[in-house]
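Written below as structure tokens is the structure these notes are about.
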Amino acid sequence: MENLNLKKIKKDYLNDGVTIIRNFIDLHWIKEMQIAIDHILSFPGKASIEYTPQENTGRYYGDFFIWRRNKSFKKFAFDSNLPELASKILDSKNINFFYDQLLVKEPKTKESTPWHHDLPYWPIKGNHIISFWVGFDRVSKNTGAVEYIKGSHKWNKFFAPASFGKDTRFENSYKKMGLEVMPDINSNLGDYELLSWDLNPGDIIIHHPLVIHGSLGNFSSKTRRRGLALRYIGDDVTWDDRPGTFIKNKNVKSILPPLNYKNGEALTGDLFPLIWPNKY
Ligand SMILES: O=C(O)CCC(=O)C(=O)O
């Protein structure tokens, strides 16, 4: 952490909504997590989603809250240098873990991740919210590097969530929110400044909950794209009981304990544990 230019990282994060830190994760974590991810892919969780239709090549796999059933995911999220980084960037004394989301695109996967920003999906409010996207393979545009619209977290917009795949049963709940629909970004790409990076294992991307992002498929015939998004929350974050958030999805609910949080209440307890500075 001492070698980081935190001032520049924070400035880029606040101005652009996204930035990168090279060589941040020690390679022992990468090796442990590659094995753990492959285990999850062989034994999919109850809330996992296969976004690639059966008739297509490749595999786009999504899964949530994996730390609750896999020790390596838990250790990585809680004991790596990520919680401290979240505390430093957010200027938040305490950090709780919100959840982890696995996003794997195997070779020859055509499915893209639609343009979206994260906060409308989530039952939370506040400023102390941050995501880290960690890749466990070399990632390039050809294998589905995530692209971000520079500065879009400052548009003052709260767009309706987009479903990542067809038939995921998320669409109906998202409609309940009645939010403005995301503009057609793909037809007007020249109007936006995109930021995207090729990554080596160990590099991480840091993104704001309102920055708009998406990714193309993995068009390589042999290189995998195993990505994990880790979401951390800080001092000012509270529960927002809006209808339709992802946590109300039947499958996601089935892997969680009963959720009794009230509007405006802080998120703590076993599900969203305090992990910095205190140990859980
Ligand atoms: O990995 C992807 O394609 C999308 C990532 C994403 O949506 C996120 O990190 O919030």
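Converting from the sequence shown to this note's numbering requires adding 15 to each position, the first position being numbered 1.
Virtual Cβ for every residue (Gly too), placed ideally from N, Cα, C.
Distance, Leu100 Cα to Asn20 Cα: Cα to Cα, Asn20 sits roughly 12 Å from Leu100.
Nearest-angstrom Cα separation, counted from His228 out to His132: Each residue's CA atom was taken as its position, placing His132 and His228 some 6 Å apart.
Throw me the rounded Cβ distance for the Arg246 and Phe113 pair, which I believe falls under 8 Å. In this structure, Arg246 and Phe113 form a Cβ contact; the two beta carbons are roughly 4 Å apart against a cut-off of 8 Å.
With distances taken from CA atoms, which of Leu117, Lys265 and Trp148 is nearest Ile52? Ile52 has its Cα closest to that of Leu117, out of Leu117, Lys265 and Trp148.
Would Asp250 and Lys25 qualify as a contact pair, given that the criterion is a beta-carbon distance under 8 Å? In this structure, Lys25 does not lie closer than 8 Å to Asp250 by Cβ.
Reference Glu208; option with closest CA among Pro292, Phe173, Thr238 and Ser167: Cα-wise, what sits closest to Glu208 is Ser167.
May I ask whether a heavy atom of ligand 1 can be found less than 7 Å away from the beta carbon of Trp137? No, ligand 1 has no heavy atom inside 7 Å of this Cβ.
Identify whether Lys22 lies in helix, strand or coil by the three-state DSSP scheme. For Lys22, the secondary structure class from DSSP, reduced to helix, strand or coil, is helix.
Enclosing beta strand (DSSP E) for Asp106 [first to last residue]: Segment: none, Asp106 is in no beta strand (DSSP E) and carries neither H nor E.
Assuming Leu225 and Leu134 make a contact with CB atoms under 8 Å, what is their CB distance in whole Å? About 5 Å separates the two Cβ atoms, so the contact holds.
In terms of residues, what are the limits of the alpha helix (DSSP H) holding Ser87? Lys86 to Asp94 is the extent of the alpha helix (DSSP H) around Ser87.
Give me the Cα-Cα distance between Ser95 and Lys172, rounded to the nearest whole angstrom. Straight-line measurement puts the Cα of Lys172 at about 33 Å from the Cα of Ser95.
Provide the residue(s) that pair with His131 in DSSP beta bridges, ordered along the chain. Partner(s): His228.
Sequence-distant residues of the same chain with beta carbon closer than 6 Å to Lys150, five excluded per side: According to the sequence shown, residue 150 is Gly rather than Lys. Contacts found: Leu214 and Gly242.
Taking 8 Å as the cut-off, does the stretch 192–209 touch the stretch 142–149 (at least 3 CB pairs, one atom from each stretch)? The stretch 142–149 is not in contact with the stretch 192–209.
Check whether Ile110 and Ile221 have beta carbons under 8 Å apart: Result no, Cβ atoms of Ile110 and Ile221 do not sit closer than 8 Å.
Phe58 classed as buried or exposed, judged by whether at least 16 other C-beta atoms fall within 10 angstroms: With fewer than 16 other Cβ atoms within 10 Å, it is exposed.
Enumerate in chain order the residues of its own chain whose CB-to-CB distance from Asp115 is below 8 Å, with the five nearest sequence positions on each side excluded. Cβ neighbours of Asp115 beyond the five flanking positions: Phe79, Phe80, Ile81, Trp82, Phe88, Ala92, Leu243, Ala244, Leu245 and Arg246.
Where does Arg74 sit, in a helix, a strand or coil, going by DSSP? If DSSP states are grouped into helix, strand and coil, Arg74 belongs with coil.
Segment limits, alpha helix (DSSP H) that includes Leu56: DSSP places Leu56 inside the alpha helix (DSSP H), whose first and last residues are Leu42 to Ser57.
Tell me which same chain residues have a C-beta within less than 8 Å of the C-beta of Asn30, skipping the five on either side of it? Within its own chain, the residues whose Cβ lies closer than 8 Å to the Cβ of Asn30, once the five positions on either side in sequence are excluded, are Gly166, listed in chain order.
Which value, in whole angstroms, describes the spacing of the CA atoms of Lys125 and Asn293? Rounded to the nearest angstrom, the two C-alpha atoms are 43 Å apart.
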